[in-house]
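K.L.:
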Amino acid sequence: MEEKDKKKYIAFGIGIAILIILIIILLIVKKSNSGSSKFSAEIVCTPVKISNIKKWTFNIKNGKIKTTKLEMMEDYANYGYELAEDVIPETQNEIKSLVLKDLMLSSEKEEGINLNIYFDNNVNIDINIDYDKANKEKLEYMGLNFEGNIDFNNFVEYVDNYGNGTFKCKKISND
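Each residue of the sequence shown is one higher than the one before, starting from 3 at the first, in the numbering used here.
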């Protein structure tokens, strides 16, 4: 498979994930200047329909998302490989480079953004973001930017109802 085709598969997979994220962002950012509660909690969302997202965790303090962890899983076929056994360490490095390039990152650890890519039967990508430290332009490019206060009175309902039940969210803790 040509390098150009590999890049198309990677861009397609990440593009779908970013599209899902953008829609969720649009659903949860509401009335940034009026009526935001000073809600604090940890909320974990998991897909109930087939998705490349395994889990998405939000840590909220005083009505703002402070950190998020997005756990995704991609098939090796998206990178031009049929089986996990075909992926040698050099190939893993190539896949890591392609993922970094698609997310506009120069390394797996940048200020406020940590990427963990690991390999098993799939390519697993965990994106950890600290919103107080991360570069806003990179977050916007990745589709993970949250601006203003968030109305959490109906946060779980927004995400639960997203895409006719694509995600199910649970509040894990309250501060």
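Even glycine gets a Cβ: it sits at the ideal position worked out from N, Cα and C.
Remember, predicted model here, so these are calculated numbers, not experimental data.
Would the region 54-73 count as touching the region 4-22 if we require 3 or more Cβ pairs under 8 Å?
P.N.:
Yes: at least three Cβ pairs fall under 8 Å.
K.L.:
State the CB to CB distance for the pair Leu107 and Leu100, rounded to an integer number of angstroms; the pair is presumed to be in contact (CB under 8 Å).
P.N.:
Within the sequence shown, residue 107 is the residue found at index 105, counting from 1. Within the sequence shown, residue 100 is the residue found at index 98, counting from 1. No, Leu107 and Leu100 are not in contact; Cβ-Cβ is about 11 Å, not under 8 Å.
K.L.:
If I follow the unbroken beta strand (DSSP E) through Thr69, where does it start and stop?
P.N.:
Here residue 69 is taken as the residue at index 67 of the sequence shown, counted from 1. Per DSSP, Thr69 belongs to the beta strand (DSSP E) from Lys66 to Glu76.
K.L.:
In terms of alpha-carbon separation, which member of Glu73, Ser175 and Val125 lies closest to Tyr83?
P.N.:
By one-based count along the sequence shown, residue 83 stands at place 81. Among Glu73, Ser175 and Val125, the Cα nearest to that of Tyr83 is on Val125.
K.L.:
Within 9 Å of any Cβ in chain D, is that where the Cβ of Lys6 sits?
P.N.:
As a matter of chain content, chain D is missing from the structure shown, which is built from one protein chain.
K.L.:
Report the three-state DSSP secondary structure of Thr93 (helix, strand or coil).
P.N.:
In the sequence shown, residue 93 corresponds to position 91, counting from 1. Reduced to three states, the DSSP call for Thr93 is helix.
K.L.:
Compute the Euclidean distance between the alpha carbons of Tyr133 and Thr69, then round it to the nearest angstrom.
P.N.:
For the purposes of this step, residue 133 is identified with residue 131 of the sequence shown, where counting begins at 1. For the purposes of this step, residue 69 is identified with residue 67 of the sequence shown, where counting begins at 1. Taking the straight line from one Cα to the other gives about 6 Å.
K.L.:
Is Ile119 closer than 9 Å to Lys98 when the C-beta atoms are compared?
P.N.:
Counting from 1 along the sequence shown, the entry for residue 98 is found at position 96. Counting from 1 along the sequence shown, the entry for residue 119 is found at position 117. In contact: Lys98 and Ile119 (Cβ atoms closer than 9 Å).
K.L.:
Tell me the rounded alpha-carbon separation between Tyr78 and Glu110.
P.N.:
In the sequence shown, the residue the question calls residue 78 occupies position 76. In the sequence shown, the residue the question calls residue 110 occupies position 108. If I take the Cα positions, the gap works out to 20 Å.
K.L.:
Looking at C-alpha atoms only, which residue of Lys71, Asp122 and Ile23 is the closest neighbour of Glu87?
P.N.:
Within the sequence shown, numbered from 1, the residue matching residue 87 stands at position 85. Out of Lys71, Asp122 and Ile23, Asp122 has the C-alpha closest to the C-alpha of Glu87.
K.L.:
Leaving aside the five residues before and after Asn61 along the sequence, list all residues of the same chain whose C-beta is less than 6 Å from its C-beta, in chain order.
P.N.:
As a position in the sequence shown, residue 61 is number 59, starting the count at 1. Correct list, in chain order: Glu44, Lys68 and Thr69.
K.L.:
Which residue or residues does DSSP assign as beta-bridge partners of Glu128?
P.N.:
Translated into the one-based positions of the sequence shown, residue 128 becomes position 126. For the record, residue 128 in the displayed sequence is Asp; it is not Glu. BP columns for Asp128 point to Glu73 and Asn118.
K.L.:
If Ile115 and Ile131 are in contact, beta carbons under 8 Å, what's the gap, nearest whole angstrom?
P.N.:
Within the sequence shown, residue 115 is the residue found at index 113, counting from 1. Within the sequence shown, residue 131 is the residue found at index 129, counting from 1. Between Ile131 and Ile115 the Cβ distance is about 6 Å, and since that is below 8 Å, they are a contact.
K.L.:
Rounded to whole angstroms, what is the Cα-Cα separation between Cys47 and Val89?
P.N.:
As a first step, residue 47 is located in the sequence shown; it is residue number 45 there, counting from the start. As a first step, residue 89 is located in the sequence shown; it is residue number 87 there, counting from the start. Cys47 and Val89: Cα-Cα distance of roughly 30 Å.
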